[in-house]
Amino acid sequence: MRANSVAENVLGTIGTVCWTAQLIPQVWKSWREKSTHGLSPWLVLLWGISAGFFGAYAILLNLNIPLILQPQLFGFLSLVSWGQCQYYDAKRSRAAAAVMAVGVMLAVGGFEVAMVFALRPAHDAGTGAGTRGVQFLGIFSSVLISLALLPQYFEIWQHREVLGISILFMVVDMLGGIFSDLSLAFKARFDVIAAVTYSLVVVLDGLVLLAAVILNPRARRRRKGENVGSGGVAPDVPSSTTPSRVTPPSTSIETKA
């Protein structure tokens, strides 16, 4: 496909907007429900860590600005969600959860900056070591993104439905991958590693959505059947809205010896 910098940046910007907003529904859902039950903390933690690898990769390869911003925003929101998991599900104090989340953010950011400064001279010089180092960053980020969803698939299998995950989050995340893939198609030199990373997001998110479409209706029917079954037996103890039967006082008179 012919290179088109305008199309590349427009599509990349749309992808960035999607990946900026993607985790907002998830963060909002967790905050509103005061629960992250069903959301694997490993999913958002590994996603946050992967952003450091892919962020350095995008900077070193001089991808368009929207695609450079994507991993930064993606990693930040992922680690905010991970902090919520520590607070709501792991029952840590708010201060401890915040310190943990900010600490990981600083570590990931420091790693990204270190990789850029360490690899840029060798990469710009065109040495084999520099090229292999940059490729490793891109490939390893793809591996982390893929591995991150395995614990979430286990959660889905364990509960036999998709719990704790905002469906809107998954849809927007998948759209971000699609538009980012399309932006690469208009780049002068197609980046295979970046395309694999974005495509993995699309496929793996799609599997979660497919599981929600298939399993969640079954789970609702299963719960409905359980409620009907349990409601068929009347309780022995009267409820607070049921008048209680009062035994009248005895009218018999005790005779003294």
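Count along the sequence shown from 1, add 8, and you get the number used in this note's numbering. C-beta atoms are modelled at their ideal positions from N, C-alpha and C, and glycine is treated no differently. The structure displayed is predicted, hence computed values, not measured ones.
If you draw a straight line from the Cα of Leu-114 to the Cα of Glu-234, it is about 48 Å long. Remark: C-beta atoms of Ile-153 and Ala-220 do not approach each other more closely than 9 Å. Between the beta-carbon of Leu-75 and that of His-131 there is about 17 Å, and that puts the pair past the 8 Å contact cut. About 5 Å separates the Cβ atoms of Val-180 and Cys-26, confirming a contact at the 8 Å cut-off.
Judged by pairs of C-beta atoms under 8 Å, the stretch 183 to 203 touches the stretch 9 to 18, as three or more such pairs exist. CA-to-CA, the gap between Ile-175 and Gly-141 works out to about 36 Å. Counting C-beta pairs closer than 8 Å gives three or more between the stretch 133 to 147 and the stretch 60 to 67, which meets the contact rule. If you ignore the 5 residues before and after Met-108, its C-beta comes within less than 6 Å of the C-beta of Gln-94, all in its own chain and listed in chain order. Its chain contains Val-209, Val-210, Asp-213, Gly-214, Leu-217 as the residues whose beta carbon lies nearer than 8 Å to that of Met-182, once the 5 sequence neighbours on both sides are disregarded; these appear in chain order. Considering only Trp-55, Asn-12, Leu-47, Gly-46, the residue with the shortest C-alpha distance to Leu-155 is Trp-55. Residue range 31 to 41 is occupied by the alpha helix (DSSP H) that includes Ile-32. Distance from Gly-83 to Ser-188 at the Cβ level is roughly 15 Å; contact not present, criterion being Cβ atoms closer than 8 Å. In the structure shown, the three-state DSSP call for Thr-205 is helix. Assigned with DSSP and collapsed to three states, Ala-133 falls in coil, not helix or strand.
Cβ atoms of Val-112 and Leu-87 come within 8 Å of each other, at about 6 Å.
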